[in-house]
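One structure is given below, encoded as structure tokens.
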Amino acid sequence: MKIAVLPGDGIGPEIIAQARLVLDALGESFEIEEAPVGGAGYEAYGHPLPPQTLELAKAADAILFGSVGDFKYDTLARELRPEQAILGLRKHLALFANLRPAICYPELTAASSLKPEIVSGLDILIVRELNGDVYFGSPKGIRTASDGLFPGSREGFDTMRYSEPEVRRIGQVAFTAARKRGKKVCSVDKSNVLETSQLWREVMTDLGKSYPDVELTHMYVDNAAMQLVKAPKAFDVVVTGNLFGDILSDEAAMLTGSIGMLPSASLDIKNKGLYEPSHGSAPDIAGKGIANPLATILSAAMMLRYSLGKEEQATRIERAVQRVLADGLRTVDIYTVGTIKVGTVEMGQAVLKALA
Ligand code: IPM
Ligand code: MG
Numbered sequence: 047m048k049i050a051v052l053p054g055d056g057i058g059p060e061i062i063a064q065a066r067l068v069l070d071a072l073g074e075s076f077e078i079e080e081a082p083v084g085g086a087g088y089e090a091y092g093h094p095l096p097p098q099t100l101e102l103a104k105a106a107d108a109i110l111f112g113s114v115g116d117f118k119y120d121t122l123a124r125e126l127r128p129e130q131a132i133l134g135l136r137k138h139l140a141l142f143a144n145l146r147p148a149i150c151y152p153e154l155t156a157a158s159s160l161k162p163e164i165v166s167g168l169d170i171l172i173v174r175e176l177n178g179d180v181y182f183g184s185p186k187g188i189r190t191a192s193d194g195l196f197p198g199s200r201e202g203f204d205t206m207r208y209s210e211p212e213v214r215r216i217g218q219v220a221f222t223a224a225r226k227r228g229k230k231v232c233s234v235d236k237s238n239v240l241e242t243s244q245l246w247r248e249v250m251t252d253l254g255k256s257y258p259d260v261e262l263t264h265m266y267v268d269n270a271a272m273q274l275v276k277a278p279k280a281f282d283v284v285v286t287g288n289l290f291g292d293i294l295s296d297e298a299a300m301l302t303g304s305i306g307m308l309p310s311a312s313l314d315i316k317n318k319g320l321y322e323p324s325h326g327s328a329p330d331i332a333g334k335g336i337a338n339p340l341a342t343i344l345s346a347a348m349m350l351r352y353s354l355g356k357e358e359q360a361t362r363i364e365r366a367v368q369r370v371l372a373d374g375l376r377t378v379d380i381y382t383v384g385t386i387k388v389g390t391v392e393m394g395q396a397v398l399k400a401l402a
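Every position in the sequence shown, counted from 1, becomes a number in the working numbering once 46 is added.
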């Protein structure tokens, strides 16, 4: 089995290094190959997603991705910015299903900004559509307005669009996931205003009939943003479009007090996937040896489970992570008084030890 490892920018290389050590320690014969992506791709080959990197990703059975982005690339043309790497991979590999768990580990409840009783035991799965919506809808651009409130002025425009099959396939992912969890799906839209959402809601409602064992509810996105801070434990699986999912998944991740802990998967129709930590490249702490490698290590576990069919190894890693948390080890992002502060490498070493 071939794994493409794309470390990227910022803290990406540091956290990926720890995840690689964990993969190496499993005793499996994976073929692992690294390639530059994001700002690193731009530096090496003049493009955030160099053709060689894309080819490697296409040829692999799974992709382990660090993170991309740095302030220093903010002035580049949009198509050369690091973010284009992840958007390009999602599009070229048809990775339409983004699974973003938000779990509040009991040991880390105190690190949440919400009251412990609101978040302790929280376990939500956000299923975000990743190939459509305003992110990729055409037309988009900047032009001179021919109508509207200020004709003749410059205007920016994007297109929100979803076809029925796109909604249906992401809905199927959500319902299937819910069956293995709390058997509840909340579909989030803005159907009181948007036609795209109107269709979204119709398709979800229809699809729900094929899953009578799963409870389907609908919620407007503004209300969902409120409910997520008010009573997040009421949610099980949340399914939503690309843009709403981008925003709500950050909100949900923050509830847990441990965005440095959260893995994610982006899957195609055959469960080939790209796995990445939910947090970003954190350029402000890059190179300091303090980044939390656990989200990346847990992303590797998700990769073993969903794309490589190695459930046992996935569980082994997750148990090892639980063990180091139980032992009181914390990187600075999840540190609270009375626990033991460690750096990136020490945390990785501790997971290795717990694995053994
Ligand atoms: C994410 C990120 C990306 C997105 C950016 C980096 C393009 O915020 O994965 O959530 O908007 O999807
Ligand atoms: Mg985001």
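The beta-carbon is built from N, C-alpha and C at its ideal position, and this holds for glycine as well.
By the neighbour-count criterion, in which a residue is buried when 16 or more other Cβ atoms sit within 10 angstroms of its Cβ, SER158 is buried. Excluding residues up to 5 positions away in sequence, ASP179, VAL180 lie with their Cβ nearer than 6 Å to the Cβ of LEU289 in the same chain. Look at SER233 here: in three-state DSSP terms it is strand.
Taking non-hydrogen atoms of ligand 1 into account, the C-beta of ILE132 is found less than 7 Å away from one of them. In its chain, beyond the 5 residues on either side, ASP107, ALA108, ASN317, LYS318, GLY319 have a beta carbon closer than 7 Å to the beta carbon of SER353. Every residue whose beta carbon comes nearer than 7 Å to a heavy atom of ligand 2 appears here in chain order: ASP292, SER295, ASP296.
Judged by DSSP in its simplified three-state form, GLU89 adopts helix.
In the same chain as PHE76, and ignoring 5 residues on each side of it, the C-beta atoms closer than 6 Å to its own belong to MET47, ILE49, in chain order. The residue among ARG247, ALA372, ARG227, ALA86 with its C-alpha nearest the C-alpha of GLU212 is ARG247. By the Cβ rule, the segment 227-239 counts as touching the segment 280-297, because three or more pairs are nearer than 8 Å. In this structure, DSSP gives ARG174 an extended state, which the three-state scheme calls strand. Taking the Cα of ILE57 as reference, the smallest distance to any Cα among LEU340, GLY134, GLU163, ILE331 is reached at ILE331.
For SER113, the uninterrupted beta strand (DSSP E) segment begins and ends at 108-113. By the C-beta density criterion, GLN98 is exposed, having fewer than 16 other C-beta atoms within 10 angstroms. With a cut-off of 8 Å on Cβ pairs, the segment 200-211 is not in contact with the segment 118-133, counting fewer than three such pairs.
For GLU364, the distance from the CB to the nearest heavy atom of ligand 1 is not below 7 Å.
SER304 and ASN144 do not touch by the CB rule: their CB atoms are close to 19 Å apart, not below 8 Å.
Close CB contacts of GLY87 within its chain, under the 7 Å cut and outside five residues either way in sequence, are with HIS93, PRO94, LEU95, PRO96, THR99, ALA131 (chain order). Looking from the CA of ALA123, the closest CA among ALA341, GLY85, ALA90 belongs to GLY85. Beta-bridge analysis with DSSP links ALA148 to ILE170.
Within 10 angstroms of the beta-carbon of LYS276 lie fewer than 16 other beta-carbons, which makes it exposed. Scanning the segment 304-353 for uninterrupted alpha helix (DSSP H) segments of 4 residues or longer gives 340-352, listed from N- to C-terminal end. Not a single heavy atom of ligand 1 lies less than 7 Å from the C-beta of GLU357.
Between the alpha carbons of PRO323 and VAL370 lies a distance of about 18 Å.
Between LEU340 and VAL378, the CB-CB gap reaches or exceeds 8 Å.
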